[in-house]
Amino acid sequence: MMSEFLKEMKSGKWIAVLVCVAAFALLPIVLQEGYLSLVNEMLILAVAACGLNLMMGYAGMVSFGPAGLYAVGAYTTGLILVYTKIPFWLALAAGPIMAGVVSVVVGWFCVRLTHVYFSLLTLAFSQIIHTILFEWYDFTRGDDGIVDIPVPSFLSSITHYYYFSLVAICVCLFVLWKIVNSPFGKTLQALRENPERTEFIGINVRRYQLAVFIISGVFLGIAGALYCGFNKNVFPDFADMMKSTEMIVVCLMGGIYNFLGPVVGSVVYMFLDKLISSNTHYWPLVLGCVIIALLIFMRGGVVGFVSEKLAPRGEERG
Amino acid sequence: MQVLNLAHASLYMLGAYLCFWVSSLLSQAAGSFWWSLFAAPLLVAVFGGILEAMLLRRIYDRDVLDQFLLTFALILIIGDLCKLAWGVEYHTVDTPWPLDGPVIFGGLVFPKYNLFLIGCGPLLYVCLWSLINKTRLGSVVRAVTYNRDMASALGVNVSWVYTGVFMLGCWLAGLGGALVAPMSAVMPGMDMVVLIDCFIIVVIGGLGSISGAFLGSIIFGLVTAFGILVAPRLAIAFGFILMIIVLIIRPWGLMGKPE
Chain A
5 MMSEFLKEMK SGKWIAVLVC VAAFALLPIV LQEGYLSLVN EMLILAVAAC GLNLMMGYAG
65 MVSFGPAGLY AVGAYTTGLI LVYTKIPFWL ALAAGPIMAG VVSVVVGWFC VRLTHVYFSL
125 LTLAFSQIIH TILFEWYDFT RGDDGIVDIP VPSFLSSITH YYYFSLVAIC VCLFVLWKIV
185 NSPFGKTLQA LRENPERTEF IGINVRRYQL AVFIISGVFL GIAGALYCGF NKNVFPDFAD
245 MMKSTEMIVV CLMGGIYNFL GPVVGSVVYM FLDKLISSNT HYWPLVLGCV IIALLIFMRG
305 GVVGFVSEKL APRGEERG
Chain B
282 MQVLNLAHAS LYMLGAYLCF WVSSLLSQAA GSFWWSLFAA PLLVAVFGGI LEAMLLRRIY
342 DRDVLDQFLL TFALILIIGD LCKLAWGVEY HTVDTPWPLD GPVIFGGLVF PKYNLFLIGC
402 GPLLYVCLWS LINKTRLGSV VRAVTYNRDM ASALGVNVSW VYTGVFMLGC WLAGLGGALV
462 APMSAVMPGM DMVVLIDCFI IVVIGGLGSI SGAFLGSIIF GLVTAFGILV APRLAIAFGF
522 ILMIIVLIIR PWGLMGKPE
């Protein structure tokens, strides 16, 4: 694994990665706070979308309810910070852990089903999570959400929180990249292409699917916890269908067969969101049109589209 | 048709809005509601036919993710168009003339309109069931659903059948919306409520089975109604729990057929 990493380092890709990270690190100097928080939101959405993409793009399991696990992460962190005196770091870590635990339960049921039934069951579970958050008024404060979550003073400025989440996000993306390129990741891709054949070579399909469901859940939980610290308020909306669809659209916009696709998708999506909703109330109308255009004209997403145009003729794209 | 259409609920909402619109246009004429009950579903069906021909037709052979997204996009678009056309405020439709007021039935007071709706449900079910199972047209539709290529080879114009069935579905959605308009307020967001209920019902009953949908809605109605009695706050969750149980025991639904 180390030698693979070194090989990758030599290939010059690392320069590009380093330049990107440096560019993001320098952004606070150039940008106003409003735009900085937009970039921060973009990056958090990118982690959620990458976590979802591990399951959707690599393992071929289409989930309609990623927002449920995202909300579990956000609410766990938020509730711990509001109700107890547990330090911020532990509360932040509890979000993903709780999301992981919930995805063990949800995943155990879901991987029993395939195709559209799998997707419908994930949707049902995320709706249950939404109902619980919405209805359990005494604990989750229902519709009002949890507001004014205490965050340590050194993280309360936008710039500081930006650096903090940038580091966290880089770590997450690195870990995901390692997972995708490990034998485990290759097995997932085999599962996507042909589950029957993968089973014939002696792989326990359900166990792998459950594993990827949990990993993806943990990353969604991380995104949720980070967003909770960023926004300082959490609402039941985090678990609703609109949020799930947002994540799926982000993946699709960027291109689901590419590792960085969701990151690109998240940048494009948030940019469009900001641009359009500052001009009109009818953001959903435009979003709908964008989705339709994507589906009909750009099936590989932005990354797929660009690499198709750049690729030499006659060569299959990866 | 084996197409996942989330936008169905939006067409239902559109039906309700059109019912309101037509009946307010004709508010001077007698029986305005009955005219709008006739016109609104037809307009929805025409609209659905256009959607099918322009958009949905392109995604039949794609995977379920694309269908989910395309129809979700339609939800967003139709929802916003309704807001643009009719504003965000509540609208109400008056209960039509012969059916307003209550009826006393064995000591219980019932609104007449509710009884009318209770009658409409089974009637529509019987009509639809016999259309699909007893007529020649129905057998063509079933053949197309079962095997597109074979039906096409036998000389059925498959794409017309798809458009037709889709329009019929839209007509029903529009009719549902128009029928519900006098009972509840017509407003943005009414689509999401039905969408999730319909989803649960169809999954419980079995995808692609009319009897299943009918049975599913009865079971769903009973479970939620009793759920409200037992634990009012968690009533919404009961439907989902039912759906999860059904999906685990019989993933293809109560009346569906295993793949």
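Going down the list, the sequences are from chains A and B. Position one of the first sequence corresponds to residue 5 (my numbering), numbered consecutively onward. Position one of the second sequence corresponds to residue 282 (my numbering), numbered consecutively onward. Ideal Cβ positions, reconstructed from N, Cα and C, are used throughout, including at glycine.
**Message:** Going by the DSSP bridge assignment, what does H372 of chain B pair with across the sheet?
**Reply:** Translated into the one-based positions of the second sequence, residue 372 of chain B becomes position 91. Secondary-structure assignment with DSSP links H372 of chain B through a beta bridge to B:V467.
**Prompt:** Does the distance from the C-beta atom of G99 of chain A to that of A128 of chain A stay below 8 Å?
**Reply:** Translated into the one-based positions of the first sequence, residue 99 of chain A becomes position 95. Translated into the one-based positions of the first sequence, residue 128 of chain A becomes position 124. No, these two residues do not count as a Cβ contact at 8 Å.
**Message:** Here's a check: name, in chain order, each residue in its chain whose Cβ is nearer than 7 Å to the Cβ of F301 of chain B, leaving out the five neighbours to either side.
**Reply:** Here residue 301 of chain B refers to the residue found at position 20 when the second sequence is read from its first residue. Cβ within range, chain order: H372, V374, A462 and V467.
**Request:** Could you tell me the boundaries of the beta strand (DSSP E) in which V384 of chain B lies?
**Result:** Counting from 1 along the second sequence, the entry for residue 384 of chain B is found at position 103. Looking at the DSSP string, the run of the beta strand (DSSP E) that includes V384 of chain B is P383 to F386.
**Prompt:** When the Cα atoms are used, what is the spatial distance from D244 of chain A to I136 of chain A?
**Reply:** As a working note, residue 244 of chain A is residue 240 in the first sequence. As a working note, residue 136 of chain A is residue 132 in the first sequence. Cα to Cα, the separation comes out at about 12 Å.
**Message:** Alpha carbons only, please: which of B:N438, B:L350 and B:Y341 is nearest the one belonging to F68 of chain A?
**Reply:** Position 64 of the first sequence, counted from the start, is the residue given in the question as residue 68 of chain A. Nearest neighbour of F68 of chain A by Cα position, chosen from B:N438, B:L350 and B:Y341, turns out to be B:L350.
**Item:** the region 36 to 55 of chain A: positions lying closer than 9 Å to chain B by Cβ
**Value:** Shown here is that no member of the region 36 to 55 of chain A has a Cβ falling below 9 Å from a Cβ of chain B.
**Three CB pairs or more closer than 8 Å across the region 59 to 66 of chain A and the region 35 to 51 of chain A** = These segments do not touch.
**Message:** Residues of chain B with CB closer than 8 Å to the CB of I280 of chain A, please, in chain order.
**Reply:** What you label residue 280 of chain A is simply residue 276 of the first sequence in a count that begins at 1. Counting only Cβ-Cβ distances below 8 Å, I280 of chain A has no contacts in chain B at all, with the closest Cβ about 12 Å away.
**Request:** Compute the Euclidean distance between the alpha carbons of L177 of chain A and C54 of chain A, then round it to the nearest angstrom.
**Result:** The residue you call residue 177 of chain A lines up with position 173 of the first sequence. The residue you call residue 54 of chain A lines up with position 50 of the first sequence. Cα-Cα distance, rounded: 8 Å.
**Request:** Using DSSP bridges, identify the partner residues of P309 of chain A.
**Result:** Within the first sequence, the letter at position 305 stands for residue 309 of chain A. According to the sequence displayed, residue 309 of chain A carries Phe and not Pro. Note: F309 of chain A sits in no beta bridge, so no partner.
**Item:** Contained alpha helix (DSSP H) runs [length at least 4] in the region 192 to 235 of chain A, N- to C-terminal order
**Value:** As far as the region 192 to 235 of chain A is concerned, its whole alpha helix (DSSP H) runs of at least 4 residues are 199 to 204 and 209 to 235.
**Request:** Drop a sphere of 10 angstroms on the beta-carbon of T444 of chain B, count the other beta-carbons inside from all chains shown, and report buried for 16 or more, exposed for fewer.
**Result:** Looking up residue 444 of chain B in the second sequence gives position 163. Its Cβ being crowded by 16 or more others within 10 Å, T444 of chain B is buried.
**Prompt:** Among all the DSSP beta bridges, which residues are the ones paired with I325 of chain A?
**Reply:** Nothing about residue 325 of chain A can be read from this structure; chain A reaches only from 5 to 322.
**Prompt:** Alpha carbon to alpha carbon, how far is P513 of chain B from S490 of chain B?
**Reply:** Position 232 of the second sequence holds residue 513 of chain B. Position 209 of the second sequence holds residue 490 of chain B. Each residue's CA atom was taken as its position, placing P513 of chain B and S490 of chain B some 31 Å apart.
**Beta-carbon contacts of I101 of chain A that lie in its chain and below 6 Å, excluding the five residues immediately before and after** = What you label residue 101 of chain A is simply residue 97 of the first sequence in a count that begins at 1. No residues qualify anywhere along the chain.
**Item:** 8 Å Cβ cutoff met for G455 of chain B and V325 of chain B
**Value:** As a first step, residue 455 of chain B is located in the second sequence; it is residue number 174 there, counting from the start. As a first step, residue 325 of chain B is located in the second sequence; it is residue number 44 there, counting from the start. Annotated as proximal: G455 of chain B and V325 of chain B, with beta-carbon spacing under 8 Å.
**Message:** Please return the same chain residues whose Cβ sits closer than 6 Å to the Cβ of V115 of chain A, not counting the five positions on each side in sequence.
**Reply:** By one-based count along the first sequence, residue 115 of chain A stands at place 111. Once the five neighbours on either side are set aside, the close Cβ partners of V115 of chain A are R210, Q213 and L214.
**Request:** Check P392 of chain B in the structure and name its three-state DSSP category.
**Result:** Stepping through the second sequence from its first residue, residue 392 of chain B is reached at position 111. For P392 of chain B, the secondary structure class from DSSP, reduced to helix, strand or coil, is strand.
**Request:** Can you grab the Cα-Cα spacing for the pair M5 of chain A / L124 of chain A, in whole Å?
**Result:** For the purposes of this step, residue 5 of chain A is identified with residue 1 of the first sequence, where counting begins at 1. For the purposes of this step, residue 124 of chain A is identified with residue 120 of the first sequence, where counting begins at 1. Confidence at M5 of chain A is low in this model, with a pLDDT of 49, below 50, so its placement is unreliable and the value that follows should be read with caution. Roughly 37 Å between the two C-alpha positions.
**Item:** Separation of M251 of chain A from G322 of chain A, as counted between CA atoms
**Value:** On the first sequence, residue 322 of chain A is found 318 positions in, with the first residue counted as 1. On the first sequence, residue 251 of chain A is found 247 positions in, with the first residue counted as 1. The predicted model places G322 of chain A with a pLDDT of 39, which falls under 50 and marks its position as unreliable; any figure quoted below should be read in that light. Taking the straight line from one Cα to the other gives about 23 Å.
**Request:** Could you have a look at K415 of chain B and say whether DSSP puts it in helix, strand or coil?
**Result:** For this step, residue 415 of chain B is matched to residue 134 along the second sequence. Helix at K415 of chain B.
**Message:** Here's a check: name, in chain order, each residue in its chain whose Cβ is nearer than 7 Å to the Cβ of L396 of chain B, leaving out the five neighbours to either side.
**Reply:** Sequence index remark: in the second sequence, residue 396 of chain B carries index 115 (1-based). These residues qualify, in order along the chain: V384.
**Alpha carbon of V323 of chain A to alpha carbon of F447 of chain B, nearest angstrom** = There is no way to answer for residue 323 of chain A, as the model of chain A reaches only from 5 to 322.
**Beta-carbon proximity list for L170 of chain A, same chain, < 7 Å, skipping 5 on both sides** = One-based indexing of the first sequence puts residue 170 of chain A at position 166. Cβ contact annotation for L170 of chain A (same chain, cutoff 7 Å, sequence separation greater than five): F28, A29 and L47, in chain order.
**Prompt:** Along chain B, in chain order, which residues have C-beta atoms closer than 9 Å to that of G292 of chain A?
**Reply:** Along the first sequence, one-based indexing puts residue 292 of chain A at 288. Against G292 of chain A, the close residues of chain B are F353, A354, L355, I356, L357, I358, I359, G360 and D361, in the order they occur along the chain (beta-carbon pairs closer than 9 Å).
**Item:** Interfacial residues, the region 516 to 529 of chain B to chain A, with Cβ spacing under 7 Å
**Value:** Those residues of the region 516 to 529 of chain B placed with their C-beta closer than 7 Å to a C-beta in chain A are I517, A518, F521, M524, I525, L528 and I529, ordered along the chain.
**Request:** Verify the CB distance criterion: does R196 of chain A have a CB-CB separation below 8 Å to chain B?
**Result:** One-based indexing of the first sequence puts residue 196 of chain A at position 192. False, the Cβ-Cβ gap to chain B never drops below 8 Å.
**Asked** What does V345 of chain B touch in chain A if you count any residue whose Cβ is under 8 Å from its own?
**Response** Numbered from its first residue, the second sequence carries residue 345 of chain B at position 64. In chain order: V66, H119, V120 and S123.
**Message:** DSSP three-state label for N44 of chain A, please.
**Reply:** The count along the first sequence starts at 1 and reaches residue 44 of chain A at position 40. Of the three classes helix, strand and coil, the one that applies to N44 of chain A here is helix, per DSSP.
**Asked** What does a CB cutoff of less than 7 Å around L398 of chain B pick up in its chain, not counting 5 residues either side in sequence?
**Response** Locating residue 398 of chain B in the second sequence gives position 117, where the first residue counts as 1. Residues of the same chain with a CB within less than 7 Å of the CB of L398 of chain B, apart from the 5 flanking positions on each side, are L460 in chain order.
**Item:** Whole-Å CB distance - G330 of chain B paired with G458 of chain B, under 8 Å assumed
**Value:** Here residue 330 of chain B corresponds to residue number 49 of the second sequence, with the count starting at 1. Here residue 458 of chain B corresponds to residue number 177 of the second sequence, with the count starting at 1. G330 of chain B to G458 of chain B, Cβ: 17 Å. No contact.
**Request:** Would you please state the rounded distance, in angstroms, between the beta carbons of I150 of chain A and N237 of chain A? I believe it to be under 8 Å.
**Result:** Within the first sequence, numbered from 1, the residue matching residue 150 of chain A stands at position 146. Within the first sequence, numbered from 1, the residue matching residue 237 of chain A stands at position 233. Right, the Cβ-Cβ distance comes to about 7 Å (below 8 Å), so this counts as a contact.
**Prompt:** Are the C-beta atoms of L192 of chain A and some chain B residue less than 8 Å apart?
**Reply:** Position 188 of the first sequence holds residue 192 of chain A. No, L192 of chain A does not count as interfacial toward chain B.
**Prompt:** At a Cβ threshold of 8 Å, is V484 of chain B touching chain A?
**Reply:** Locating residue 484 of chain B in the second sequence gives position 203, where the first residue counts as 1. At least one CB atom of chain A sits nearer than 8 Å to the CB of V484 of chain B.
**Reference D152 of chain A; option with closest CA among A:H134, A:Y87 and A:V106** = If you number the first sequence from 1, residue 152 of chain A lands on position 148. Considering only A:H134, A:Y87 and A:V106, the residue with the shortest C-alpha distance to D152 of chain A is A:Y87.
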